[in-house]
Structures are given as structure tokens and as C-alpha cells.
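Protein chains in written order, with the numbering used here: chain S, 1475 to 1711; chain A, 60 to 1107; chain V, 324 to 504.
Below: the structure, in C-alpha cells.
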Amino acid sequence: MPQKRISIRIDGELVSTVEGKTILEAARDAGRRIPSLCHMDGLTDVGACRLCLVDLGGGGRLAPACTTPVQEGQAVITNSPRLLAYRRVILELLLTERNHICSVCVANGNCELQALASALGVTSVRFPYRYPNLPLDLSRDRFVLDQNRCILCTRCVRVCADVEGAHVWDVKGRGIYSRLISDLDQPWASAASCTDCGKCVQSCPTGALAEKGKAVEEMVKQTWQVTNAAERKRAVL
Amino acid sequence: MTPIADIGSFNAAREAGMAKLQPAAPRIGVGMGTCGRGNGAEEVYRAFAEAIEAHGLDIRLAAVGCFGACSEEPLVNVWIPGQPLVILRHVHSADAARILADVHQGRIPPDLAWCKIEEWDHITARIRYGAGFPELPQWSEIPFFHGQKKIVLRNCGLISPDDIDEYIAVGGYQALYKVLIDSRPEMVIEQVKAAKLRGRGGAGYATGLKWEFLAKAKDPSKYIVCNADEGDPGAYMNRNEIESDPHSLLEGMIICGYVTGTQQAIVYVRAEYPLAVHRLTRAVEQAREYGILGPSVLGRGVKFDIELVEGAGAFVCGEETALIASLEGFSGRPRPRPPFPAQKGLDGKPTNINNVETWYNIAPIALKGPAWFTETGSARSAGTKVFSLVGKIRNTGLVEMPLGTPLKTFIYDIGGGGVGECSIKAVQTGGPSGGCIPLEMFDTPVDYETLAQLGSIMGSGGMVVMDENNCMVDIARYFIEFTHSESCGKCVPCRVGLDKALDVLNGFTKGAGNSAQLALLDELGRMIRDTSLCGLGQTAPNPVLTTLRHFRYEFDDHIIARRCRAGVCDSLALSPCENSCPLHMNIPRFLGLLKRGRLEDAFESVILDNPLPASTGRVCQHPCDMRCRRLTMDAAVNMRDVHRFIADSILLSDHFDAMVARVADRKLPPTGKKTAVAGAGPAGLTAAFYLALLGHDVTVFESKREAGGMLRYAIPEYRLPKHVLEREVELIRRMGVKFEFGMPVSSAISLHDLDEQFDAVFLSIGTWKESWVHLPGTELKNVIPALLFLEGVASGSVSQIGRRVAVIGGGNAAVDAARTALRMGADATIVYRRERKEMPAIKEEVDAAEHEGVKLQFLSAPHRIVGDPKGNVRALEIVKTRLGEYDLTGRRKPVPTAEVARVECDAVILAVGETIDLDFARGSGLTLRENGTFVVDRFTLETSRPKFYAGGDVITGASNVSNAMGYGKKAARRMDEALMGVKRFQRLSGGFDASEYEAEPATEIARQRPAELAPAMRVKSDAEVVVGLTRGQASAECGRCLRCDVRA
Amino acid sequence: MTLPTAVTPGKPDPEKCAFIDGVIARSTGRPGSLLGILEAVQENNPRKYLCSSELRYIAAKTNTPLSQIFSVTTFYALFNLEPQGDHTIYICRGTACHARGSRNLLESLRLDLGIKEAPDEGGADKLTLTTPDGKFTIRTVACFGQCALAPVVELDHRICGHLNERALAREVDALRQENHQ
């Protein structure tokens, strides 16, 4: 069934797109990047990081671009002083939630959180660092999980469940005490459901999931490979 | 049981139900909701059952639901055929036998009877009970019920929730039957739309529209869900609705199922409500047996069934997408909308979710039509809402009121105002998603829009009342702690933002905060509100944002003064008593020292905290009594009388000189700074004492001949003997304070002179000008203001007042004047326009006055003073008042009636309040408020004129001795800081060895009361009435202290 | 901090398995079944908790990923992964109870039972503390909906309203006596 073409306004500019796309996709097609962290091409969106919030007018209710479908005649504002301020606070919150010392991180230079912080000009934080005492899981041969770098975007959870079909990962607890777990909160190596495919590692936007043996700055994620795999799988279904 | 398949079997069930509801024999219904059970209803039920069995009585017993008046539980209703239904309250199991005996003889025990119901409108039917018991009020005449309109709660507390027949007897399932017979589902949806019924779960979305979406969804399998995951702390109406009347819920859901073409429904109910789960399970079973649920509802060929799912304890599951995730076997993390549940809900099917209470409105609307429904409520919010009125309020319970009813009706008319003597300051609506509405806004009508404008929400209808003992910063912190721990953790603003907000608020309650953090908190709150994924996060900042808006001064108290007035934030206070004391005395320390027999150390502790300990030990309003934690066990520790004992033991003994020397040793080295104090009243003396100890040169200017102010001239000898006060003044003098008597500021020494000669000046000249009432006859002879009278007696210039004296007023001055008149041989009558409990005077003093023979006349407003041609007073004419509407202080306004009475008298004393004589302040550079008080900085006590500080009555208006002294102490501290540039005040009070007063377990003994002169003896002389504690008593009293100052 | 040790695989005893099989058979395919199964299995456990062998068995039988089961059991306050004490005391932390001093009750009870303050991990609201001897477990609950009785404490499923510190201590003493007999 051919999709219906519709037009919307993004930051005042008239953009033609097709019904069924999200605002995030339509904006990207039009060459506009809306910041995001929990979104990854090929995975179901969850609207968790709130960085891609856009203003649809009418009372100031904000909507996540990643899960909001385009509608004929829609006027979307993707950037405003208010949105920028909110995005900065979100980054400040993420940076202080755990431990993000870039200089000692394998993902330094290749980290989506770091890149966004620098793009949005977050150079200092106004909140105290939480620095919870979180473990490093080195049990697996090829990969490592560092909870201190995890931002709970759940990209690993989704890629493992939806693309790989293993569902090794999930999140335990709630609120600020939420933690990424494998199987029954056991060492990763003992999680029998893991296929060792490494898709989670390639999907991780930060240095939380990484390949073993990588030194600072060496961990470059091959996110596109996972996206391709996801799209192949979708095509088959 | 056979299924109901036609009107004949329906009517048969109805008749069976009526036979149970109104049997040939008397029926007793025990309210067995969870609240009732918590108050002992099960024991009551058992006692009835056993007694009926044992005596073979022909009396039917039923377990009914809850009638809503939780504070009167256990509630029992009694019906004797032909008579009204009578509601009994506070019934205990021990009462069962005599109730049965009475009922058996056609009587009702008068001491337990509360009210009667002659006829009840179940909306779906009217039930006539009978007329009789003329002595009992109608239920609607009881303040708690007056104005309530029970639509949702129409059956609660009257029928047995476990019996479907009783439900059918009161018109239950009739609406369903009608809807099925009419077979016009779309018309029912139109009716629900026209009734403007809005979701009762909080957001208030139009129910009819939601139904329409569901009806239009073409998917053959779709779902109806009842959200019974009532999680708002402080709200429990859904629990009661289900426990008391589960079938109304089922009926609403079945009607929705039919009109939207849905066959499957789920009730998602909190596991924390076991009784509700039990009753609902039972109701579903019965409905299935009757064919009301199942393959063919009421034999009409419509399929519908309901499943129960128990939630497992997650507040966020009240959010519809989280509830759906939970039903699907996942953690209850909300999902973004769109897609909306109406399109893709449970298992991807169209799903409609409504709150419990919404469903209860369906049958009445279907039966009586939308026009009937919109008669009740406000224009945009039709119908009623059930509220849970809880917290610091006298009458707690569930009340169903028309939407748009003003808040104050809830709080005062229905709730009966605050608990004990505490005054209400706010009400929290809408739970963790709502906000706090301050007293000043109690005129607000309660509906969706108005509450939203105030930054709160209706929510599920919780109303938690807060009084002066609740700290609003702590309340804000409490709610953030709640949402913080209930946040699912999915989206960043809610997960991390609330954590940071909690951090900041925790800091405030511990005294670690600053104004920058306050601004950050505000910014963070707005950001969390605007960016969170679901309703939990979007509304979680409301409690903070509203308290910041309406209670900013409490935040300032915590951040700037590091004080929590309510005494809740315990890191900011030594102990509740210390926090409540205007002088912040270290009460546990002197109690602990005296307990160990260390009288001199105890005295040193007392005097360093309070330079007039013997006087305040007699006349203080003792706020510490109200805050003592021992109060929750038996009675407060008698702190005031203990420090009086300590003070008397030294001041009036030969240890005096030695102790004075010991205190003087603590003086800091001379600073060379010159300070002046205007007024030698309690505030001035206190400031002078501390300024002297701090090493400053102090001169006190006083217009009168002696020091003491009100203590000397207004408080009578029998309460505070002058020689006691003189010892205290002597001690202050020996600290180096110079007194200049007969030196009124402005006439004898100008402000300009003070400015020239001194480095800092404290103004505390008190309130010596009597307010004059505009009353015909005040020009007569022997009409005298109370202060002038008391001062005249104290100085010896007045020695008689007449034979019969009328005193107008209700404060301490009125009581003092009346008792003084009594001692001069007169008869005295106090005339007060409100009730006794509202008298501002110290309660013990009022009691003492009455014992001595002072007559008290309440609800009496002065009308005119009648004189004779010679200008003598003959009588005081009064207008009787009645209590009218509540004003914003939470007291009912006295309203004059037509009834006039006379108090025969030959003298009238006016004690209606004092104001400041501020002639001198004009053109002085000091800014005044409209009421004539000085404008000062709340935290530093600086006036608008540099170097000049003010405290006591001149900034607050007439208050009391201890408050005035508190200001004197604070002023000395602030003046010293300003003069010296460093904080030195704490240097005065060091040097106590904590091991000398270590905490020991408190003893069980009762509060010790000081001996008093017999009333007959008192009125014959000026002798002090209260003799004081003995050494043994004082020491025993110290052992009662729970030592809240010691933390684990 | 160390990682939890690998869970020893193993099956619950046959009786338990039969019970779990029965519960699953009754509820499969119905909405909310996973919560219902976990609630029933926990209730059936004498120590009122879910042990890892039970979780594994349920996961296998219901075809639910282990990590999802663990996520669910740690998300909802009702589920316990640790054995509970002989007596469970719930302190209500609802608004009305808070306004009427429930925090003091919690503190004094904690001191009375000699339990150290809760560790940071886990969160203040999901407080579950068990005495070392396994006699008492103190828990908090968001709200019992008994607000008119505030402050409210539930001792072994019995609701006690309008409690003060002394009355609570008395109730706990009564439970202790029960223990000795």
C-alpha cells in the first residue's frame, strides 16, 4: 500500500513526508538532527531519555519526536531556548547520576552522551555527583559491563530481546535504584541465555558495555551493523 | 441460585432482598469496612451474634459497609420495623447486650444513638424505613453529613455488600436491565456525554468520549479496565466504595460493556486492600450465578465477564499505560502515548480504563438521565465527588459533596476544624500529584479547573489537612520522597530529577541550604513537570511548586534562620520543647541537671537561656506543653513549673549573691560599644541582659519609675509577686546594666540623641495604649481600660472599683482584671463574644478565675453601657451572639441575634486589646505598618533606620511576655553580630558537661502539679495563688522527660 | 561490593513444582497472569518469599525470560526475594500517617528491635528490614487507605490505628511473648 504523503512544518520550514513516520524520522529526512540517546535505528522506541522533546505548540505540552507520528499540518519546533535549557538539564542529570569521567573511559571520543554534552554546551553541572558504588562485571571473556557508565537507555535490552531474541538483559528495581541485569541478576558469564553475539555492546551509546581489552578512547561502536541486522530481520518478518 | 432471565425472576430477587433489608423482626447492621474493623467492628459483630444466639432473640444481624464517618466508628445501624433506621456510633462489644435488650423492647440506647434515617434515596430506588424517635436528629442535620449528596455512596453502609439480593432490592441492576431492554447502546453513550461525567481518577477526562472511542474501535476483542489501584496516600474512597457496594461497580462496567460492544473486563485492584478483593470476588461470583455476568447477561444474549487482577504494590500502575504493562506481565513502566490505549491497549487491543468512582456514576445516569445528573455540581464539573477528609481534622471520614463546594465547607462545617487547640494552615489535595492550598484560599470552590489554577489537582479526592505542627518544607520533602521511591526509573527527568530535588529538600530540612538551591529547585521542578514521560513525573513536582508558591516563608525560615517553626525538622532543633520556646531554652539540660541534684548548674543553665526565669515560670503561655512528646503518652512534662522551682530556689535564697557572681564571670571582655534599650519591659530587659554579658555598655531608658513593664504593671501580685520580679531585675542590674527611669523616649530623650550617643539601639516600648471600643456609654464614670486599672492597682493609685464589675474581653488582661476586682471585694463578670474555648487567655487562669467566683458569660457582645443621670454606670447591655460562618482564622464569627440582656454593674473594665503609643515615631525615619507596628527585617530585627532594632509588641502587636523576650534575645544576638562582625553569642552558653545530665529512661509517674491556695482563701488577699512545686515534685518531674535531645 | 554469586541451578521440590504447575495451569492466557502466579507462589512459601529455584521454574514453565521475571519481582513492592521474619510489621507512610507522626513510630520501632538504619541501596520507601534472629520484619507501605485511623500499623495482618510509640512497643512486646511460648 503506497503511503500517503503529507506536509508538516519543522521550525517554520515546510517539509514533505509520508504518513506513519515519526517526527524524528521526518526531521532527519529533512536534514535536521534532533538530539536523542535512547533512540537507535532499527529498535522500537521507548521515549525514555526525553532529549528529543519537541514543541507542538498549543499550551506548551512537549512531545518526544521519536514516538510521535507526523500529522498533516503539524507545526513542530525542534529548537527553542526552553527546549535547549531542558535538554541541558537532562544531560546534567545523566552526567551526575553515576560516574562519567571521560578521561578514563574506553568510549572517550566515541560516546554519544559526551558528544551531545559538547554539542549542547554542557561544560559544567550544577548538581552534586551521586557516585553510587556500582560493580564492574568482567566475568565474560570478550565483553565487559560497567554499571557506572550506564544511562539506562535500554538499547541493549531491546536489541537483545527484539533482534537477537535472547532477552538476556532487563532492568531491575525502580527509580534511581534501577539497574541493568542479566538473567536473575547474576554475573553475565553465568547468564545461560546469552549468545555472545555482542549486539548489546555495539548498541550501547556509552562505555557501559564494551569489548574487553580496549584502552581509553579505543572503543568505537558499530551501531550501524546492529541497525542493519535489525532491518534485515524486520524485512524477513 | 438460578440465573435471572426475565422480569419475573428479577422481581423475585428484589423481593428476597427487601425481606432481608426490612425483615419482620428488627435488623442490626454492623459497619464492617476496613476502618470499622480497625476500630473493633469485628468484635462488635461477634458480640451481637453470640448474644442473639445465646438468648434466642428474633433479631437479624447483617454486616454492612461503611457509612463514611470514620471518626465515629464503629458504626451500627438499627432498624425496628415501622421505625426509622437509627445510626449508633462508638459502639463497643460490651454494648451489644444492652443494645439488644433495648431493641428487643422497641427502644434505642439514647447514649449511643447519633441520628436517624426515615427515608433513604438510593437514587435507583427510595426505601422508606418509618417515622419516629422525635428526639433524634435526622442524619442530614448532623454537621458531618449536612450538605452531602450521596450518589456514588448511595448504598454504602446501608446494605450488605456480600448480598446481591439486597443490592437488587435497592434498585440495583435495574439500570442495566433498562439499558438492555431499550437496546439503544449509542443513546447511553450520548447520555454519559451529556451528563458531562468526568473521570474521577484525577485527570478528569470526559468519560463519554472515551466510551465513544471504544465503541468505534472495530476490533472484535477489546477490553474494559477498572483502575482500582488506588495509590494516592491519603485517599481511600475506592477501597470503601468496593468494600461497601461492589455490585454498583459491576453494574457500571456491564453497562459500558454492552454499549461499547466489549465482552471482557478486568478490575485491577490493589493487593493492599484484601477486604476489597474479597468482597469483589464474592460479588463477581454472585453475579455469575445470577446470570448477570457470563454468556448471556440477564438472558438478553449479551456476553460479558469480569476478571480480577491484584496489583503488587506500585503506585505508578495507576498510570494507564503502566497498568497495561503490568497486566501483560512486565514491570509497570509507562509507555509513550500515542498510541493511546483506546487504539492499542492491553495486548495491542483497544482498551478503555476508568477509575472505580467513575463507574459508580453510570447506573444513576443511565436510569435518571443526564439532566438530573447535571443538576448537581458546577457548570464544568457535574455531579459529586467523594473526598477523604483526613489528617489534622476533628471529623475524619469520607464525604461526598457536589463539585464546586468551597474548601472551607469541607474543613470547618463538615470536618469540624482542627484537632485540639491547633490551628489549620493548609490542606493538601490530590496526593503526590497535587498541592498544598493555604488557609487564605479556603474560599476556593473544589472543582477540576479551580484546583488546577492553584497548582494542585483534584486527583482521586484525598484531602489531608495540615496544622501548625506540620512543616510545609517537610511535607514537600515527604511527597518527593514518595514519588522518588515510586518513580519507575524509565525516563531521565523523573528518575534522576526527583533524586536531585530530594537531595536539595533533604538539605533544607537539615539546615543545609541556600537561596541558589531554592531557585534551582524551582527550575528543576518545572523541568520535571514539562518533560517527564508519564503523569507521575509530570505531576510529581506539584507539591514542591505549590509550597514554594504559597509557603515561601517557611522555606526562608529553614534556609536563612535555620529554624523549623513546626518543630518537625529535628536536625534544626534540640528538641520539640526547645523549638517551641520563644527563648529556645535548653529545657532537657536543666531538667537533666536538676534530676541529678545539680541545682546551681541547673540555675546557670536556666538563667543563661532566660534572664527572667521566675517570672516566666509563672506567667509564660508555655507553648512547650503543646509540643512535648510525652503528651502522646500521658501528659506533657511540666517544664514551666520546674524552671520556676529552679529560679525561686536560687533567686529567693542566700545563694543569690554567689550565683550572680558566677553568671557575671561569664561576661565577655568590654567591647567599648555603647548600646541603648528603650523600654524596661520583658523584651528590653532581656536584650539588656545579653548585651551586657556580651561586653557592651548598656543603658535602659524607661518612662516609668521602675523596671518590668507589663510584668510589673499589668500582671497582678497574686500571679507574680513583685519581690520575685525585683530579684530578677537586680540580677540584670548586677550584670552592669544602667537604668534611667522616668525617661520616655522622644520626650525626654530623642531618637536623634540616641543615634548620636549610641552605637546601636533596641526599641521595645510595648503596647500601652488601650484599644477603645466604640460603645455608647464609655464616657461614663467608672468605665476604665484594663491596663490602666491593673497599672493603677499595681502602683497603688487605684484601691476600689465598685461592687459589681463587668469586664469586656477574653484575653489575659480581662481575666487578670476580673480576678483583681474580685480581690477588691467586687463581684466580677467576664463578657466575651465567642465561646470559652476561643478565649486567648491561658486556660489555667480562666479555670482559676471561675473557681474563685468570677462569672463568665459567653456569646455576648457589648451593646451599650447604661448610665444614670449622674454619669454613673448602671448596667452593661449585651447582645447575645450565635456562631455563624467560619472566618479565615478557622473560628466561627459571632453573629448578633435579636436577644438583648443586661448585666447589672456599677463599673465596666474594657479589655479588648492594646495598641502601641507611637506618637514619638512620627517623622523618625522608622517605617510603620498600617496597624502601627514597626517594619523590621524578619531575620535581623533591623528597622528601616540604621542602627535601630526593634522587638516585642512594637513589631508584633500585643503578644505575650515570652514572645517579647524571644525578640529581645534575638535582637541582642543580631546587634552584637552587627557591632562586632563575628558571631559570638554562643560563647555565652558553653561550658556544660553533657555527662552531668546523661539521659536515663523516663519514669512512669504522672505529671506533677503545683499546690494552690484554696479559692476561698485567695480572694481575701494578694497572696500568690500558685505555690509552686516542692523539691521532691520538681525532681520527680525531671525524670518524666523523654530526652528528645538525645539522638541515636 | 561484590557481585552476587552464580545462582545454583536446581528445581524446587516435587510438591512445590506440583503447586506451581497447578497455579500456572489455572491462570495461563489470562491477563495479569504472571503477577498472579508470583503472588500465589510467594504466599505458598512458608517464609513468604520467592527463591531463585522457584523463579527459574516459573520462568521455564511460562516461557518468560529470566531477566523479565527478575525485573518484575524487583519492581513491585509486594514481592520478596529474601525470607521474611516470623512477624511482619507494616508501618504506613501515607500522608495522613506522616502528618500524624509515623516517622517517629518507624524510628522507635527500629531502635526497639535493634535494627540498623537501612542501607542506601533499595530506596527509602521500599524499606524491608528483618531482625538478625528472623523474628521480625519491618516494612513500610505507601498507604493502607486507613487514613482516618492514622497513624496506622499492621501487625501480622491486624490493623492497629491511632498508635503512639508506647502503644506500638506494647504490641510488639505481645508478639515477642507469643514467640516465647
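Glycine residues also receive a C-beta, built at the ideal position from the N, C-alpha and C atoms.
Checking the sheet assignment: what are the DSSP bridge partners for residue i?
| i | result |
| --- | --- |
| residue 178/A | 187/A |
| residue 461/A | 443/A |
| residue 615/A | In DSSP, residue 615/A forms no bridge with anything. |
| residue 275/A | Bridge partners of residue 275/A: none, in fact. |
| residue 485/A | 497/A and 525/A |
| residue 289/A | DSSP lists no partner for residue 289/A. |
| residue 756/A | 733/A |
Strictly below 8 Å CB to CB, what residues from chain S border residue i?
| i | result |
| --- | --- |
| residue 378/V | 1658 |
| residue 451/V | Under the 8 Å cutoff, chain S gives no residues; its nearest Cβ is about 13 Å from residue 451/V. |
| residue 543/A | 1649 and 1650 |
Provide the residue span of the alpha helix (DSSP H) that contains residue i, from first to last.
| i | result |
| --- | --- |
| residue 395/A | Element bounds for residue 395/A: n/a, residue is neither H nor E. |
| residue 1697/S | 1697-1710 |
| residue 718/A | 715-723 |
| residue 683/A | 683-686 |
| residue 365/V | 356-367 |
With burial defined as no fewer than 16 other Cβ atoms inside 10 Å of the residue's Cβ, what is the status of residue i: buried or exposed?
| i | result |
| --- | --- |
| residue 844/A | buried |
| residue 1575/S | exposed |
| residue 1076/A | exposed |
| residue 333/V | exposed |
| residue 456/V | exposed |
| residue 446/V | Since pLDDT at residue 446/V reaches only 45, below the 50 mark, its modelled position is unreliable, and the value read off the structure follows with that caveat. Classification for residue 446/V: buried. |
| residue 1605/S | exposed |
| residue 761/A | buried |
| residue 959/A | exposed |
| residue 1497/S | buried |
| residue 416/V | buried |
| residue 182/A | buried |
Starting from the beta carbon of residue i, find every residue of chain V whose beta carbon is closer than 8 Å, and list them in chain order.
| i | result |
| --- | --- |
| residue 487/A | 418 |
| residue 189/A | Correct list: empty, because the minimum Cβ distance to chain V is about 31 Å. |
| residue 1645/S | 394 |
| residue 1655/S | 390, 393 and 394 |
So residue i packs on residue j, CB below 8 Å; how close in whole Å?
| i | j | result |
| --- | --- | --- |
| residue 1525/S | residue 1561/S | 6 Å |
| residue 211/A | residue 412/A | Not really, about 18 Å apart at Cβ, beyond 8 Å. |
| residue 1652/S | residue 1668/S | With 8 Å as the limit, residue 1652/S and residue 1668/S do not qualify as a contact, their Cβ atoms being about 21 Å apart. |
| residue 454/A | residue 130/A | 5 Å |
| residue 676/A | residue 706/A | 6 Å |
| residue 928/A | residue 940/A | Incorrect: roughly 31 Å between the Cβ atoms, too far for contact. |
Go to residue i, then tell me how far its beta strand (DSSP E) extends in each direction, as first and last residue.
| i | result |
| --- | --- |
| residue 121/A | 119-123 |
| residue 798/A | 797-799 |
| residue 395/V | That residue, residue 395/V, is in no beta strand (DSSP E); its alpha helix (DSSP H) goes 389-398. |
| residue 922/A | 919-926 |
Run down chain S in chain order and give the residues with a C-beta less than 7 Å from the C-beta of residue i.
| i | result |
| --- | --- |
| residue 397/V | 1646 and 1647 |
Can you pull the chain V neighbours of residue i, defined as C-beta to C-beta under 7 Å?
| i | result |
| --- | --- |
| residue 292/A | 417, 418, 465 and 466 |
Give the residues of chain A in contact with residue i, contact being defined as C-beta atoms less than 7 Å apart.
| i | result |
| --- | --- |
| residue 505/V | In the structure as shown, chain V begins at 324 and stops at 504. Residue 505/V is therefore absent and cannot be evaluated. |
| residue 410/V | Chain A residues near residue 410/V: none, gap ~18 Å exceeds 7 Å. |
| residue 461/V | Near residue 461/V there are no residues of chain A at all, since even the closest Cβ is about 15 Å away, more than 7 Å. |
Given that residue i touches chain S, what residues does it touch there, using C-beta distances under 9 Å?
| i | result |
| --- | --- |
| residue 382/A | Correct list: empty, because the minimum Cβ distance to chain S is about 15 Å. |
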